[in-house]
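This report concerns only the one structure given below.
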Amino acid sequence: MARISLRVNNRAKVVNTDPTTPLLYVLRNDLELHGPRFGCGLGQCGACTVILEGNAVRSCSVPVSAAENRSITTLEGLGTLEHPHPLQAAFIEEQAAQCAYCMNGMIMTAKVLLDKNPHPSDDQIKQALNGNLCRCGSHLRVIRAVKRAASVKA
Amino acid sequence: MNSKISRRQVLKGTGALVIGFNIFGSASEVFAQLGPGPDRAGDLQATSLDSWIAIGRDGGVTVFSSKVDLGTGVETALGQIVADELDVPFNRVKMVTGDTTKAVDQGITAGSRTIELAGPQLRHAAAAARQELLKLASEKLSAPVSQLTVTDGVVSVMGNGKRVSYAALLGGKKFNVTIPATGNGWGLKLAPDVAVKDPKDYKIVGKKQDRVDLPPKFTAQFTYVQDVRVPGMLHGRVVRPPTVVSKPASIDEESIKDIPGIVKVVREDSFVGVVAETEWAAIQAAKALKVTWTTPETKMPANAEAVYDYLKNTKAFAQRPGMAPRGDVDAGLAKASKTYEQTYRWPFQMHGMLAPSAAIADVQGNKATVWAPSQGIFDTRTRVAKLLGVPEDNVVVLYREASGCYGRLGTDDAAEDAVVMSRAVGKPVRVQWMRGDEHGWEPKGPAQLLTVRAAFDSSGKVTTWDFLDHSFPWTEANGIPLVTSRQVGLKGQGQGQPNGTGGGGETYQFDNQRIVAAAIPWVQPDPTPLRTSPLRAPGDLARMFASESFMDELAASQNADPVQFRLRYASNNNRATDALTAVARLANWQARPAPAPVSAGSVAAGRGVAVSARSNTVVAVTAEVEVDKTSGEVTVKRVCVAHDCGLIINPDGLKNQIEGNVIQGTSRAIMEEVKFDSSGIKNLDWASYPILRYEKIPQIEIQLIDRPEMPALGGGEPSIGPVPAAIANAIFDATGARLREAPFTPERVLRAMREGVTTTQRA
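Here the protein sequences line up with chains E and P, keeping their order. Just so you know, we're using numbering that gives the first Met the number 0 here: the first sequence kicks off at 0 and counts up by one. Just so you know, we're using numbering that gives the first Met the number 0 here: the second sequence kicks off at 0 and counts up by one.
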């Protein structure tokens, strides 16, 4: 066990945990966050995506020790029901989900895309999201939502 | 739309306090917050109006339903129906769903039947409530009911301006009204004689309604079953055997002694699981635990060929007609001037839920509470009660949503795992399957082998149609114990449930017509990881792939345009004719026979069509594909859909479902196949069981055919059925190669192109 300091959604957090624990379980169980979700534990589906120092990473495959003293943003850190982030608002506007279990990964990956490329083409959006699986088939709505968010932010 | 949604507004929906439990809290919290509102104890009779609807002190409406939202938006649509009938704004209605202590059993949420069957149940309950409220208003306002109107939950007397709100009439009190009720589950009929609104007066039904669950989901405020945390909860993981009857010959607990926080290795008969204080410890321990299993007596089939041979050569235990037979098929075939026959194959496929199965159970003595994503909370209650050997009333099942399940969570395995492990440690246990558990042990959609025969007369008219589906049943159906129950000794019974019947060509009318779905006994005496259960539109994709490919083969043999050829035999079927005509227009379909003229270049393009019906919903689909002539890779570029499910409740929600059906159907058509050998399942992750990704998502265009004069029918499944057939027909159009086995992988497409398998003349 080790005491590990994290910066999650702009707040300092200290957890006492096995340092090999994947970041996902620390965020979900120790810090009680619902944004990042377990889908495969293999880095294959993207449901667990968080932003670590500006990059979209699969939190199921990053040991918490690798995130020590680094800045982590989860879906909770974007916006709230009362004040949704433009991406969250765009996803609502486009009704871009069915079960929405994968949508944490879609929104967080899109956030990093838009931070780096504020006006992506359809192909760039598809390319950025290609590693994120959606079984319900909400892909076209997600693409529309990301485009809407890009136009709002412009 | 202003998408800034204040939490206060959400809470205000039913007067600050009555809120849907599966968004913000448990149903008991709802009632705690209701304060002196209706006490529902003893009300859970279908004949008590209070079992269905409560009017809060502020006029907010709470609806109690055993139906659950599986991520399809049905909770929103049912809310629209009630709001419409009661004449209250949509946001004043809150659905309390999926709690065995709060709801009358309306049957499992499945089969695209919720809008069709539970919709009228709730509409009639709402109409009975409205009738009672109008009666109260009539007394209060001293005016006959015929002079009353309702707007936004306020009753007014026409002409004199006197008014009273639902809240003032009843808020916080019970109806204490008995309503007639007959039947149960799907067949429950409530207040059948109560006057309901004329469809032309619908104000909320038929309009786009944003889903209530999506804002909390997009902002991480939603509680999926995976997010449920119970005080004192431990974490469990399963360690699965090669087959359910393999027993652990030895368990080496030393193998996990270095992992901190292990609470217990749970062994019960052939069930093995690990319970730990932390999730990570449970994961590591389940992986590291050394278990030697007895050699299974039952082996998996060696390969797909062995399965298809078995399906072909084994006598059915049930033969179910897809329609009442017409004419004399055998005579029709005997006197034909030409006959054709083809065989089609459909593989085992996965539900592939994005979230592996999860549940939480708290077993205390002879009582249990289970938080589970089951499609049938009462079925899960029955299974858990049987597993624990306690009365059903001792078990509470609380629905919590998981990821989309497509039929998988009619078989709620994780709930049983959690129950067994919680009983073993005396504390609440949360079980989460790992990806390999899910891919390995999820019950698969059954493999199917389909044979179709047809006869032409000398004028070139199809006179005879003979369709036979050989399908495995669902081994995991109601009344049959699931994996864990069997591991702890409960015996299976019966042959399982047949894999549906529709989609074998009922759309058309031929002089002699026979459509039969034969259920072939399961291939093994004991369950293996190749167990089966309903997979979205069960059996339909295969049957429609066979029947609609075969129709295409017949059209090609006559050099006929595929749409025109179909219309010829669907002339007595107005809805199919309308759907075909609509989709042809949407797709700008130009009449000509298939295949298309051979193109120069490395890519061949083609278009295909298919039409069929499921549960009385009619769907016509066109697909446009590109086939790489060198690699055989198929890309579906555009899919058009004409969709007729009667009266439409929420057009955008319906379109969302159709888009999902097209994408999942495309994935299943061109990519998905469970691989196995006699030792087990070979695709245990997403790399070995790939599904469609953004790079291959087709453009989708949808035309909804609204029929307000008809009942509302289902939209969750029907449009996935014809998609594979339309794609296969488009591949034929592009290449002249006929695909008769799914999925249409590059290897199969290349082989078909090489072998020049074209039309039925070769049959």
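Even glycine gets a Cβ: it sits at the ideal position worked out from N, Cα and C. Remember, it's a predicted structure, so these values are computed and weren't measured experimentally.
Identify whether residue i lies in helix, strand or coil by the three-state DSSP scheme.
| i | result |
| --- | --- |
| Phe90/E | helix |
| Phe217/P | helix |
| Ile52/P | strand |
| Leu448/P | strand |
| Leu481/P | coil |
| Lys695/P | helix |
| Met94/P | strand |
| Glu31/E | coil |
| Lys207/P | coil |
| Glu252/P | helix |
Kindly indicate if chain E contains any beta-carbon less than 9 Å away from that of residue i.
| i | result |
| --- | --- |
| Arg228/P | yes |
| Ala354/P | yes |
| Gln698/P | yes |
| Arg745/P | Rather than Arg, the amino acid found at residue 745/P in this sequence is Pro. No, Pro745/P lies away from the interface with chain E (no Cβ there is under 9 Å from its Cβ). |
| Ala31/P | Below a pLDDT of 50, predicted positions are generally treated as unreliable, and Ala31/P, at 35, falls in that range; no measurement from the model is reported. |
| Gly24/P | In this prediction, Gly24/P has a pLDDT of 33, which is less than 50 and means its spatial position is unreliable; what the coordinates show is noted afterwards. Answer no: the Cβ-Cβ gap between Gly24/P and chain E never drops below 9 Å. |
| Phe347/P | no |
| Tyr223/P | yes |
| Ile690/P | yes |
| Leu16/P | Per-residue confidence for Leu16/P stands at a pLDDT of 30, beneath the threshold of 50, marking its modelled position as unreliable; the derived number appears in the next sentence. No, its Cβ sits nowhere closer than 9 Å to a Cβ of chain E. |
| Gly326/P | no |
| Phe217/P | yes |
| Trp370/P | no |
| Trp279/P | yes |
| Gln220/P | yes |
Can you name the residues that DSSP bridges to residue i?
| i | result |
| --- | --- |
| Lys12/E | Leu5/E |
| Gln431/P | Ala357/P |
| Ser164/P | Val153/P |
| Asn54/E | Leu51/E |
| Trp473/P | Gln496/P |
| Asp611/P | In the sequence as presented, Asp is not what sits at residue 611/P; that position holds Ser. Paired residue(s): Val618/P. |
| Asn511/P | Thr463/P |
| Leu147/P | Val156/P |
| Cys639/P | Thr621/P, Glu700/P |
| Lys173/P | Its beta-bridge partners do not exist; DSSP assigns none. |
| Thr531/P | Lys443/P |
Can you tell me where the alpha helix (DSSP H) with residue i in it begins and where it stops?
| i | result |
| --- | --- |
| Arg685/P | According to the sequence as given, residue 685/P is Trp; it is not Arg. Unbroken run through Trp685/P: none, as it is neither H nor E. |
| Ser546/P | 539-556 |
| Arg591/P | It is not in any alpha helix (DSSP H) - Arg591/P carries neither H nor E in the DSSP assignment. |
| Ser666/P | 650-669 |
| Pro561/P | 561-568 |
Taking Cβ positions only, does residue i come closer than 9 Å to chain P?
| i | result |
| --- | --- |
| Leu113/E | no |
| Asn103/E | yes |
| Leu5/E | no |
| Asn9/E | no |
| Arg2/E | no |
| Pro21/E | yes |
| Ala46/E | yes |
| Thr72/E | no |
| Ser137/E | yes |
| His33/E | yes |
| Lys125/E | yes |
| Ile50/E | no |
| Ala65/E | no |
For the beta strand (DSSP E) that contains residue i, what are its first and last residues?
| i | result |
| --- | --- |
| Val193/P | Careful: Val193/P lies outside any beta strand (DSSP E) and carries neither H nor E. |
| Asp212/P | Unbroken run through Asp212/P: none, as it is neither H nor E. |
| Arg344/P | 337-345 |
| His234/P | 233-237 |
| Tyr398/P | 394-398 |
| Glu267/P | 261-267 |
Say the cut is 8 Å; is the CB of residue i nearer than that to a heavy atom of the ligand SAH?
| i | result |
| --- | --- |
| Asp627/P | The ligand SAH is not part of the structure shown, which contains no ligands of any sort. |
Checklist entry - Would you call the stretch 505-523 of chain P and the stretch 450-468 of chain P in contact, with 3 or more CB pairs under 8 Å? => result Result yes; three or more Cβ-Cβ pairs closer than 8 Å.
Next on the checklist: With three or more C-beta pairs closer than 8 Å as the rule, is the stretch 674-688 of chain P touching the stretch 644-654 of chain P?
Outcome noted: Result no; under three Cβ-Cβ pairs closer than 8 Å.
Next on the checklist: Under 8 Å, with one C-beta from each stretch per pair, do the stretch 345-356 of chain P and the stretch 30-43 of chain E reach the 3-pair mark?
Outcome noted: With the cut-off at 8 Å, the stretch 345-356 of chain P and the stretch 30-43 of chain E touch.
Item to check | Validate contact between the stretch 323-342 of chain P and the stretch 377-393 of chain P using beta carbons, cut 8 Å, 3 pairs | outcome: No, because fewer than three Cβ pairs between the stretch 323-342 of chain P and the stretch 377-393 of chain P fall closer than 8 Å, the two stretches do not touch.
Checklist entry - Do the stretch 114-122 of chain P and the stretch 179-196 of chain P make contact, defined as three or more Cβ pairs closer than 8 Å? => result The answer is yes - the stretch 179-196 of chain P touches the stretch 114-122 of chain P, with three or more Cβ pairs under 8 Å.
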